[in-house]
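Just so you know, the sequences run in chain order Y and C.
The first sequence lines up with residues 132 to 368 when you count with our numbering.
The second sequence lines up with residues 6 to 318 when you count with our numbering.
Note sheet for the following structure.
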Amino acid sequence: MILLDRVTKKYPRAENQVALDRISIHVDPKEFVIVIGQSGAGKTTLLKLLTREERPTSGKIIVGGIDYDKLKDKDIPLLRRKIGVVFQDFKLLPNRTVFENVAYALEIVGASNKEIRNTVPRVLDIVNLKGKENSMPRQLSGGERQRVAIARAIVRQPRILVADEPTGNLDPKHAWDIIRVLEKINRYGTTVLLTTHNQDIVNKLKRRVITIKDGKVVSDKANAGYNIGHEKKTKNA
Amino acid sequence: MKRKLRTLSRIFHNGAVNFLRNISLAIAAIAVMVVTLTIVLFSLITNATFTNTIAQITDKIDVSVFLKDSVNSSQTGQLLNQLKALPDVKSIQYLSKTQVLQQYEAQNAGNQQLATAIGETANPLPATILIKPVNLNQIQSIKNFLVEPNIAAMQSAPPSYSGKQETAINRITHATDVLRSVGVVAIIVFVVICALIIFNTIQMAIFNRRDEIQIMRLLGASTRYIRGPFIVESSIYGVLAAILSVIIINVAFVTTSSTLQASALGLLNISYANNYFDNNFWQLLATQLIIGIVLGAVSAQIATHRYLKFKTK
Numbered sequence: 132m133i134l135l136d137r138v139t140k141k142y143p144r145a146e147n148q149v150a151l152d153r154i155s156i157h158v159d160p161k162e163f164v165i166v167i168g169q170s171g172a173g174k175t176t177l178l179k180l181l182t183r184e185e186r187p188t189s190g191k192i193i194v195g196g197i198d199y200d201k202l203k204d205k206d207i208p209l210l211r212r213k214i215g216v217v218f219q220d221f222k223l224l225p226n227r228t229v230f231e232n233v234a235y236a237l238e239i240v241g242a243s244n245k246e247i248r249n250t251v252p253r254v255l256d257i258v259n260l261k262g263k264e265n266s267m268p269r270q271l272s273g274g275e276r277q278r279v280a281i282a283r284a285i286v287r288q289p290r291i292l293v294a295d296e297p298t299g300n301l302d303p304k305h306a307w308d309i310i311r312v313l314e315k316i317n318r319y320g321t322t323v324l325l326t327t328h329n330q331d332i333v334n335k336l337k338r339r340v341i342t343i344k345d346g347k348v349v350s351d352k353a354n355a356g357y358n359i360g361h362e363k364k365t366k367n368a
Numbered sequence: 006m007k008r009k010l011r012t013l014s015r016i017f018h019n020g021a022v023n024f025l026r027n028i029s030l031a032i033a034a035i036a037v038m039v040v041t042l043t044i045v046l047f048s049l050i051t052n053a054t055f056t057n058t059i060a061q062i063t064d065k066i067d068v069s070v071f072l073k074d075s076v077n078s079s080q081t082g083q084l085l086n087q088l089k090a091l092p093d094v095k096s097i098q099y100l101s102k103t104q105v106l107q108q109y110e111a112q113n114a115g116n117q118q119l120a121t122a123i124g125e126t127a128n129p130l131p132a133t134i135l136i137k138p139v140n141l142n143q144i145q146s147i148k149n150f151l152v153e154p155n156i157a158a159m160q161s162a163p164p165s166y167s168g169k170q171e172t173a174i175n176r177i178t179h180a181t182d183v184l185r186s187v188g189v190v191a192i193i194v195f196v197v198i199c200a201l202i203i204f205n206t207i208q209m210a211i212f213n214r215r216d217e218i219q220i221m222r223l224l225g226a227s228t229r230y231i232r233g234p235f236i237v238e239s240s241i242y243g244v245l246a247a248i249l250s251v252i253i254i255n256v257a258f259v260t261t262s263s264t265l266q267a268s269a270l271g272l273l274n275i276s277y278a279n280n281y282f283d284n285n286f287w288q289l290l291a292t293q294l295i296i297g298i299v300l301g302a303v304s305a306q307i308a309t310h311r312y313l314k315f316k317t318k
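Encoded structure:
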């Protein structure tokens, strides 16, 4: 489902620094993968490459059968519609209500008004935001905003969901609410790629954990716990 | 087809909603557009009024030919035909001795002494032909014709070029030509300046919302779907600014026409400007709307471009 083959990313303004250094990751369909690493390890860069927000300096990326080398600019929107993304900073549209923010993801793909009216409340119910439909993002707490972002990411029922620190700003209870939602989506067949700092979540989930350090994959283990020490890479996928 | 229509209606709906939700930004943009469009409309009307004033001045300028009393009607007829045939002649008018006298009496109706004096003598005024030239700068063929010996022999006095004000006329025509071109240049300059100001205002409004554009991009919205509402929104600015500019000019005419007339020193005919505005109301409104919409839409198109680009490195 997701394949990164010896992918390197250097940012043009920091040529000497390597954000990602020849990393290779393979994620199967319906897998739930957690990516851990300290701040600046390259987790966010990895996700930005998957959404084609950034281009790799070298290496190959194939997601959902789409080879990024052959992807034309005009096809990038089509790629992004196939991937649900939860951003670390939510990225909600500030002048739209909760309902409209979630509906926007469906509007883009040309869903009918009826479809939007039926789907959006159902998804808002899943993320426990019933009754907040007409609130503006600025009226919501951090956790609520995060849940709007998740609702928007899953409303199109993507085959791949990428979540960048979705629990970063939340208290433990709400953080687990979010994780439960992600697990639920995963059970329905969506491949989930989650980056997090939350030790408790990683340890309790017992999923495949990829550790990135200084732009390199230093560990890749199934049913693993939180450990960002120097481990030897073990082949899993 | 149905889906395309749905998308189009959503673009318009989102544009209108964005307009209402960003009203403070909208008011700032509209205010700038109103000022600039009002200046454009004002210069359009001023130019038309000026052109009219020039036309009125030039219309008053003519060549008068005074005929001797001995010239008979067949000679007069022949002369009139010859004059009509000249390429520089726009129109001619023949006034008989009696008509000239009547005109003279009418012009001096208040002067009792003069009226008595004229009554005591035979009509001393000559029959007169008034010639209006096509172009004030080109009356040479008329002049040449009038000094031909056989034609000169029929005249009681040398022809009068608007009361022998030829030099003054020449200066006026030159000045009006210059002013007319200055008017056209001024309008073009105003429109260009307005376009730049409006473009900058809209660019700033869109700069404030660049994050929004980037979010839409990340969600997979197409270029058209992101840009469309911005174009609709900016066009709404244009429409409202155009309507307001027309209202402002209208109010200005209603409330200040007498003051304006006084301060125009007789150079501009304000009542003509008022009539011109009334008679051409719909054309002027349409022109303003087109300028407003085109400037708004093009500005939004250009201003969104840089935020819609994909990374190439």
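Just so it is clear, CB atoms sit at the ideal spot from N, CA and C, and this is done for glycine as well.
Note that the coordinates shown come from a computational prediction; the quantities given were computed from them, not determined experimentally.
Determine, using beta carbons only, whether residue i comes closer than 9 Å to chain C.
i	result
Y/F218	yes
Y/K337	no
Y/G241	yes
Y/L151	no
Y/D308	no
Y/I207	yes
Y/R276	no
Y/L210	yes
Y/E264	no
Y/K161	no
Y/N329	no
Y/N300	no
Y/Y235	yes
Y/E185	yes
Y/P81	The question about residue 81 of chain Y has no answer, for chain Y in this structure spans 132 to 368.
Y/N226	yes
Alpha carbon to alpha carbon, how far is residue i from residue j?
i	j	result
C/S101	C/K89	18 Å
Y/K141	C/Y230	32 Å
C/L217	C/N27	One detail in the question is off: residue 217 of chain C reads as Glu in this sequence, not Leu. Each residue's alpha carbon lies about 13 Å from the other.
C/I147	C/P138	8 Å
C/K9	C/F286	37 Å
C/G168	C/D67	Residue confidence for C/G168 is low, a pLDDT of 45 falling below 50, so the modelled location carries little weight; the figure read from the coordinates is stated next. For C/G168 and C/D67, the distance between alpha carbons rounds to 9 Å.
C/Q83	C/T261	53 Å
Y/N358	C/I16	49 Å
Y/G173	C/L30	38 Å
C/I236	C/A305	5 Å
Y/G356	C/R214	41 Å
C/A246	C/S276	25 Å
C/K7	Y/P208	21 Å
Y/P187	Y/G299	26 Å
Y/G195	Y/P289	11 Å
C/V190	C/T58	18 Å
Y/E162	Y/N317	7 Å
Y/A306	Y/L325	13 Å
Could you tell me how far apart the beta carbons of residue i and residue j are, in whole angstroms, since I believe they sit closer than 8 Å?
i	j	result
C/V45	C/I296	7 Å
Y/V254	Y/V286	5 Å
C/A278	C/T54	4 Å
Y/G168	Y/T321	23 Å between Cβ atoms; not a contact.
Y/R283	Y/V233	5 Å
C/I298	C/G243	4 Å
C/R222	C/L290	The Cβ separation is near 38 Å, so there is no contact.
C/L300	C/V39	That belief does not hold up - the Cβ atoms of C/L300 and C/V39 are roughly 12 Å apart, past 8 Å.
Y/L178	Y/I156	12 Å between Cβ atoms; not a contact.
Using a beta-carbon distance below 9 Å, is residue i in contact with chain Y?
i	result
C/I220	yes
C/Y3	This structure cannot settle anything about residue 3 of chain C, because the visible part of chain C is limited to 6 through 318.
C/T12	yes
C/R8	yes
C/E238	no
C/F204	no
C/R311	no
C/G233	no
C/G20	no
C/N52	no
C/L289	no
Assuming residue i is part of the alpha helix (DSSP H), what are its boundary residues?
i	result
C/K316	Counting along the chain, C/K316 falls outside any alpha helix (DSSP H), and DSSP gives it neither H nor E.
Y/P208	207 to 213
Y/K201	Neither: Y/K201 is in no alpha helix (DSSP H) and is coded neither H nor E.
C/Q160	From DSSP, C/Q160 is part of no alpha helix (DSSP H); its letter is neither H nor E.
Could you give the residue range of the beta strand (DSSP E) that holds residue i?
i	result
Y/G190	189 to 194
C/I218	It is not in any beta strand (DSSP E) - C/I218 instead sits in the alpha helix (DSSP H) that spans 215 to 223.
Y/I154	149 to 158
Q | Start-end ranges of the alpha helix (DSSP H) lying completely within the region 104 to 138 of chain C, minimum 4 residues | A | Counting only runs of 4 or more, we get 117 to 125.
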